Amino acid sequence: MHGLLVIDMQNDFCRGGALAVADGDAIVAGINAAMPRFDAVILTQDWHPAGHSSFASSHDAAPMSVTEMSYGPQVLWPDHCIQGSGGAAFHPDLDVNQADMIVRKGYNPAIDSYSAFFENDHKTPTGLQGYLETRGITQLTLVGLATDFCVHYSAVDAAQLGFDVTVDLDLCRAIDFDGSLGAALTAMEQSNVNLERSR
Ligand code: VGL
Ligand code: ZN
2 MHGLLVIDMQ NDFCRGGALA VADGDAIVAG INAAMPRFDA VILTQDWHPA
52 GHSSFASSHD AAPMSVTEMS YGPQVLWPDH CIQGSGGAAF HPDLDVNQAD
102 MIVRKGYNPA IDSYSAFFEN DHKTPTGLQG YLETRGITQL TLVGLATDFC
152 VHYSAVDAAQ LGFDVTVDLD LCRAIDFDGS LGAALTAMEQ SNVNLERSR
């Protein structure tokens, strides 16, 4: 069974959003078109409480600065994807009706969660692994936002958990902050993630 894991296709990561990824909107149509080719479609939704510890505003710090958390270095982001806000909603053109499952992450006030599998402490699970295994899904293709953060960490965790993982780079877009895209591509390759371009 082959699942499509669609990462964080939310308004705040698209044009006009609080943490807009360049050209994020451009991949929505392609993601919708890809959905019917998979046995299962799973969406992730970045879902932070107001005042989340990953927000620069919670630390009196500049957005995009880096701080040290108990679990390691953490980029401090502009406030984004606040639970129930329009920015946290899925892009209006994303075909949410084709999804079997929606996994929310980042709801723990003290820990960020880039990966769809584990919070940034690399041990608190979201439950997605169990869901996929229960459904017999062994192959995963990842698409969405952002290539160098949530797609990257989700792909590496999935590969380490033993899934056969492909990232379709044409259906992803990157933040590319301080060399993060290059580092992410290297890390994914080293973790045996297949990097694919669909077009
Ligand atoms: C993301 C930064 C903060 C992402 C989420 O979806 O890649 N990046 N929260
Ligand atoms: Zn976030």
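Per our numbering, the sequence shown starts with residue 2, numbered consecutively. The C-beta atom is built at its ideal place from N, Cα and C for all residues, glycine as well. Model, not experiment: these values are computed from the prediction.
Per-residue DSSP class, three states only, for residue i
i: Arg-38; result: helix
i: Ile-32; result: helix
i: Asp-13; result: helix
i: Glu-69; result: strand
i: Asn-193; result: coil
i: Gly-87; result: helix
i: His-3; result: strand
i: Phe-119; result: strand
i: Phe-150; result: helix
i: Asp-94; result: coil
i: Lys-113; result: Just to set this straight, residue 113 is Asp in the shown sequence, not Lys. In this structure, Asp-113 counts as coil in the three-state DSSP scheme.
i: Leu-186; result: helix
Opening and closing residue of the beta strand (DSSP E) in which residue i lies
i: Met-102; result: 102-106
i: Gly-131; result: Run containing Gly-131: none in the beta strand (DSSP E); it sits in the alpha helix (DSSP H), 129-135.
Rounded distance between the beta-carbons of residue j and residue i, thought under 8 Å
i: Gln-11; j: Asp-47; result: 6 Å
i: Pro-110; j: Phe-118; result: That belief does not hold up - the Cβ atoms of Pro-110 and Phe-118 are roughly 20 Å apart, past 8 Å.
i: Ile-43; j: Ala-100; result: 7 Å
i: Leu-143; j: Val-152; result: 5 Å
Buried versus exposed call for residue i [16 or more other C-beta atoms within 10 Å across all chains shown]
i: Glu-190; result: exposed
i: Asn-121; result: buried
i: Ser-54; result: buried
i: Phe-14; result: buried
i: Arg-38; result: exposed
i: Val-166; result: buried
i: Asp-40; result: exposed
i: Val-67; result: exposed
i: Lys-106; result: buried
i: Ser-116; result: buried
i: Gly-180; result: exposed
Residues bridged to residue i [DSSP beta-bridge criterion]
i: Pro-50; result: BP columns for Pro-50 are empty, so no partner.
i: Gly-145; result: Ile-8, Cys-173
i: Val-76; result: Val-67
i: Val-168; result: Leu-143, Leu-196
i: Leu-44; result: Val-7, Ile-103
i: Phe-56; result: Trp-78
Near ligand 3: residue i beta-carbon under 7 Å from a heavy atom
i: Ser-55; result: In terms of ligand content, the structure shown lacks ligand 3 and carries ligand 1 and ligand 2 instead.
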